[in-house]
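Number of protein chains: 2
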Amino acid sequence: VLTITRRLLLVSNSTLHGGGYLDHCQTQIQDFFGKDVKRVLFVPYALHDRDSYTKTARDKFRTLGYNVDSIHEASDPVDAVRKAEGIFIGGGNTFRLLKSLYDNKVVTEIRRRVLEDGVPYMGSSAGTNVATISISTTNDMPIVYPPSFSAIGLVPFNINPHYLDPDPNSRHMGETREQRIRQYHEEPDTPCVLGLKEGSMLRVEGHRATLLGTTKARLFSRGQTSVEYDPGSDLSFLLTDAH
Amino acid sequence: VLTITRRLLLVSNSTLHGGGYLDHCQTQIQDFFGKDVKRVLFVPYALHDRDSYTKTARDKFRTLGYNVDSIHEASDPVDAVRKAEGIFIGGGNTFRLLKSLYDNKVVTEIRRRVLEDGVPYMGSSAGTNVATISISTTNDMPIVYPPSFSAIGLVPFNINPHYLDPDPNSRHMGETREQRIRQYHEEPDTPCVLGLKEGSMLRVEGHRATLLGTTKARLFSRGQTSVEYDPGSDLSFLLTDAH
Ligand SMILES: [Ca+2]
Ligand SMILES: [Ca+2]
Chain A
1 VLTITRRLLL
11 VSNSTLHGGG
21 YLDHCQTQIQ
31 DFFGKDVKRV
41 LFVPYALHDR
51 DSYTKTARDK
61 FRTLGYNVDS
71 IHEASDPVDA
81 VRKAEGIFIG
91 GGNTFRLLKS
101 LYDNKVVTEI
111 RRRVLEDGVP
121 YMGSSAGTNV
131 ATISISTTND
141 MPIVYPPSFS
151 AIGLVPFNIN
161 PHYLDPDPNS
171 RHMGETREQR
181 IRQYHEEPDT
191 PCVLGLKEGS
201 MLRVEGHRAT
211 LLGTTKARLF
221 SRGQTSVEYD
231 PGSDLSFLLT
241 DAH
Chain B
1 VLTITRRLLL
11 VSNSTLHGGG
21 YLDHCQTQIQ
31 DFFGKDVKRV
41 LFVPYALHDR
51 DSYTKTARDK
61 FRTLGYNVDS
71 IHEASDPVDA
81 VRKAEGIFIG
91 GGNTFRLLKS
101 LYDNKVVTEI
111 RRRVLEDGVP
121 YMGSSAGTNV
131 ATISISTTND
141 MPIVYPPSFS
151 AIGLVPFNIN
161 PHYLDPDPNS
171 RHMGETREQR
181 IRQYHEEPDT
191 PCVLGLKEGS
201 MLRVEGHRAT
211 LLGTTKARLF
221 SRGQTSVEYD
231 PGSDLSFLLT
241 DAH
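These protein sequences, in sequence, are chains A and B. So for the first sequence, UniProt numbering puts the first residue at 1; every next one is plus one. So for the second sequence, UniProt numbering puts the first residue at 1; every next one is plus one.
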C-alpha cells in the first residue's frame, strides 16, 4: 500500500542541451527539498567513477544550499539510508545502478524510508527508472546482470526517461522508442509507461502527481493509443491501482 | 574450443532504409547457404507474432530458393534443431529472444550443431546478438528477464548491431552508442565489441572472419581507441582467444 507521505521528484535527464549539470531543474530541486532538508544522501552507483560523480553532485547541490553525503563513502550503506534526510539517485547505466542497489541491500530500506517515513526522493534518468516498478523501460545497455529487473517501486507504473518521438527523417532502421515501448506492452500484465522528454519531470506529493518542466510527456498504456501531456498536467490518476 | 567447421553469417539489420526485408543481404544469404541446404530452420522468438514473422521470412527465403521451417511450429524444438540443415534467427527484441531460447532449452543444442556439426547459422540484429558471448551490447529494452545474459557463444566477442557513430548535431543528451559501449568496457573482463553499421555483416568460415556489405564497422576494445574497418576487411584476429 502506497502511503500519503510519499514525496518524489523524478527527472528525465541530468543535463539539458546547452546547460550545466541539473541547471534545468534547479528551482524544482530547491522547491522539492525545501529548507528543512540540510543534507542529501547521493547514490552514485550508476557511474563507474563514484568519487568524480559525487564531486559533481556535491558541487551543484552546494550552490543550491544542500550538503551531499555519498552512500559509497559510508561504511554501512543501509545505515546511511536509515539516517538520510533526503535521497538523490543520479543517472548513468540503469543495470549497473540496480545491481549495486541490490548488492548493497538498500532497495528495501530506500522503499521503506520513502513510503513510510516520507523521506523525499529525487531521481534523474537511471535514478528515475529505479524509482518505478521495474527497469524494463530503460534505454541503457545491459552491461551487468542484476538479480531482478524489479526496482524500488515508489510508483505503480514505469517511466522511460529521455523520451523522444520518432524522427520522420531518420534513415536508421533500429526500433523507434515508441516501437520499443509497444514491444514491452505486448508482454502480459505490463503497466503504463510515462515517456518523459528531456526537460520534463514528475513531482509526486502523496496521491498527487504533476508534470513539471518545459517539455511534454507521452503516456503509453497497454492496448491503447498513447496520449501526450503538457507541463503542468495533473497525472494523479497514474498513482491509482487501475493504472 | 571453437572448431574449424563453424559457419556464420551475422547481419546487422534485417531491413535497410528504402529496401525490403533482407534485400540488402540476399546475395550473401545465397552464397552462404549455397545449393546443398534446401530447408532453413527459422527462429521467430524475437517478435510477438511468430506466425506473421514466419510468413515474412518464409516468403523471402522462398524467392532465394530455400524452404523455411519455423521452430515454433515444431512439436519438439530441440529435435527441430537436431535435424536442421541451416538455422536463421531473426531480429526483434533480444531479451525476448534469449529468454525464449532458454525456455525452449535450445541454446546448447544450437551451439553444438553449429560448432560440432558445422550447420550454417545466420543471424540478423537480435539473432546476431545471441550468436555472441552475451547480449550485453544489445540496443533493445529489457522487456522480459532472461535467466542469464550469456548467449549461444558462437564467437568469442560481442557485437552491437545497428551501430551508428555519434551525431554531432544531436541535441539529445542520452548516451551515444559509443558511450554505452565504453560503459560496458568499464566492467572487468569484457570482450571486444564489433559495432556493425546498418548494411554491414560478418561472415565467419572456421577461423576466418570477413566484413561484408556496403558500410563500415567499428571495433571497440577495452582500454583502447576504437578502430574502423572497411567492407572486405579480414577480421579473423577476432576469433583468437586474445580478443
Ligand atoms: Ca543512461
Ligand atoms: Ca531490436
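Using N, Cα and C, we set each Cβ at its ideal position, and we do this for glycine too. No experiment lies behind these values; they were computed from the predicted model shown.
- For Glu109 of chain A, no CB of chain B lies under 8 Å from its own CB, so it is not counted at the interface with that chain.
- Distance from the C-beta of Asp59 of chain A to the nearest heavy atom of ligand 1 is not below 7 Å.
- Look at Tyr163 of chain B here: in three-state DSSP terms it is strand.
- Ile135, Ser136, Thr137, Thr138, Asn139, Asp140, Met141, Pro142, Ile143, Val144, Tyr145, Ser148, Phe149: these are the residues of the stretch 134-160 of chain B whose beta carbon lies less than 8 Å from some beta carbon of chain A, given in chain order.
- For Ser100 of chain A, the CB contacts under 7 Å within the same chain, skipping 5 residues up- and downstream, are Tyr45 in chain order.
- Glu198 of chain A reaches chain B at Arg171, His172, Met173, Gly174, counting residues in chain order whose Cβ is nearer than 9 Å.
- Secondary structure at Val81 of chain B: helix, using DSSP grouped into helix, strand and coil.
- Within chain B, no C-beta atom comes less than 7 Å from the C-beta of Glu178 of chain A; the nearest is roughly 11 Å away.
- Exclusion of Ala217 of chain B from the 7 Å shell around ligand 1 follows from its C-beta lying no nearer than that to any non-hydrogen atom of the ligand.
- Looking at the DSSP output, Leu97 of chain B shares a beta bridge with no other residue.
- Membership of Tyr121 of chain B in the beta strand (DSSP E) is indicated by the continuous run 121-124.
- Beta-bridge partners of Phe220 of chain B (DSSP): B:Val193.
- Sequence-distant Cβ neighbours of Tyr229 of chain A in its own chain, meaning closer than 8 Å and more than five residues away, are Leu211, Lys216, Ala217, Arg218, Leu219, Leu235.
- Across the stretch 6-29 of chain A, CB contacts with chain B closer than 7 Å involve Asn13, Thr15, Leu16, His17, in sequence order along the chain.
- Of the candidates B:Asp69, B:Gly86, B:Gly65, B:Gly90, B:Gly90 places its Cα closest to the Cα of Asn13 of chain B.
- Not one heavy atom of ligand 1 is found less than 7 Å from the C-beta of Asp49 of chain A.
- Listed along chain A, no residue sits closer than 7 Å to Asn104 of chain B by beta-carbon distance, the nearest being about 17 Å off.
- Close CB contacts of Gly213 of chain A within its chain, under the 6 Å cut and outside five residues either way in sequence, are with Gly199, Ser200, Met201, Pro231 (chain order).
- The Cβ atoms of Ser125 of chain A and His72 of chain A do not sit closer than 8 Å to each other.
- Residue side-chain check: Asn13 of chain A keeps its Cβ at 7 Å or more from all non-hydrogen atoms of ligand 2.
- Here the stretch 101-111 of chain B lies against the stretch 148-163 of chain B, with 3 or more beta-carbon pairs under 8 Å apart.
- The alpha carbon of Val107 of chain A has as its nearest neighbour, out of A:Asn169, A:Ala80, A:Asn93, A:Glu85, the alpha carbon of A:Ala80.
- At least one CB atom of chain B sits nearer than 8 Å to the CB of Gln183 of chain A.
- For Leu219 of chain B, not one C-beta of chain A is nearer than 8 Å to its own C-beta.
- Given a length threshold of 3 residues, each whole run of the beta strand (DSSP E) inside the stretch 4-45 of chain B is given here in chain order: 7-11, 39-43.
- Comparing alpha carbon positions, the residue from B:His172, B:Leu239, B:Ala131, B:Ser233 closest to Thr94 of chain B is B:Ala131.
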